Amino acid sequence: MEPFSYWTSNWVNKDTAFLYQNETIIGNVLKEYLSSGKIKREELFITTKLPFTAHAADDVEKCVKLQLEALQLDYIDLYLIHCPCPFERKNDSFLPNVVNGAFVPTVIEHIETWRAMEKLHDAGKLKVGEDRKVARIFQV
Numbered sequence: 001m002e003p004f005s006y007w008t009s010n011w012v013n014k015d016t017a018f019l020y021q022n023e024t025i026i027g028n029v030l031k032e033y034l035s036s037g038k039i040k041r042e043e044l045f046i047t048t049k050l051p052f053t054a055h056a057a058d059d060v061e062k063c064v065k066l067q068l069e070a071l072q073l074d075y076i077d078l079y080l081i082h083c084p085c086p087f088e089r090k091n092d093s094f095l096p097n098v099v100n101g102a103f104v105p106t107v108i109e110h111i112e113t114w115r116a117m118e119k120l121h122d123a124g125k126l127k128v129g130e131d132r133k134v135a136r137i138f139q140v
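So, in structure tokens, the structure goes:
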């Protein structure tokens, strides 16, 4: 059986996240399948998430850049805020700063995070998607 054959059997929506630490391995699979012509980018709907340690405007842009590099893609179809509560990060990564065994909360206005995401959307790095299940709920 080909590696990842189950994962690639239905190229609709692939869910990733910084927190899951699966973006690099999924990016490697995507590169292989896209470059071999087994799939087309238009057949994919890639979801990933902003980590709770990257809510500051500058961090949003840096994190998306790293995630796009890991996924080996030019854009993300759906970008979600993984957790609405921001936490401090380590200086050299987006891993959480831990003090006395706990994450350290920080104050960042949600609008700052949202506006940074809007800029990336305007630049074509983040697309806006529609979940079919949600669409049906709104049509009822």
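Everything in the sequence shown is counted per UniProt numbering, starting at 1 for the first residue and increasing by one. We put the beta carbon where it would ideally sit given N, CA and C, even for glycine. Quick caveat: nothing in here was measured; it's all calculated off a predicted structure.
| Query | Result |
| --- | --- |
| Whole angstroms is fine: what's the gap from residue 85's alpha carbon to residue 54's? | 10 Å |
| Would you call the CB atoms of residue 24 and residue 47 closer than 8 Å? | no |
| Apply the 10 Å Cβ neighbour rule to residue 76 and answer buried if 16 or more other Cβ atoms are within range, or exposed otherwise. | buried |
| Roughly how many angstroms separate the alpha carbons of residue 18 and residue 94, rounded to a whole number? | 9 Å |
| What's the C-alpha gap between residue 70 and residue 103? | 25 Å |
| Can residue 14 and residue 34 be called in contact, C-beta distance under 8 Å? | no |
| What does the alpha-carbon distance come out to for the pair residue 81 and residue 110? | 10 Å |
| Hey, quick one: how far does the beta strand (DSSP E) through residue 15 stretch, first residue to last? | 13-15 |
| By DSSP, does residue 143 sit in helix, in strand, or in coil? | In the structure as shown, the chain begins at 1 and stops at 140. Residue 143 is therefore absent and cannot be evaluated. |
| Which partner residues does residue 99 have in the DSSP bridge list? | 102 |
| Please check the pair residue 50 and residue 79, which I expect to be a contact at CB under 8 Å, by giving their CB distance rounded to whole angstroms. | 7 Å |
| When the Cα atoms are used, what is the spatial distance from residue 90 to residue 59? | 12 Å |
| Applying the 10 Å Cβ sphere with the 16-neighbour rule, what's the burial state of residue 125? | buried |
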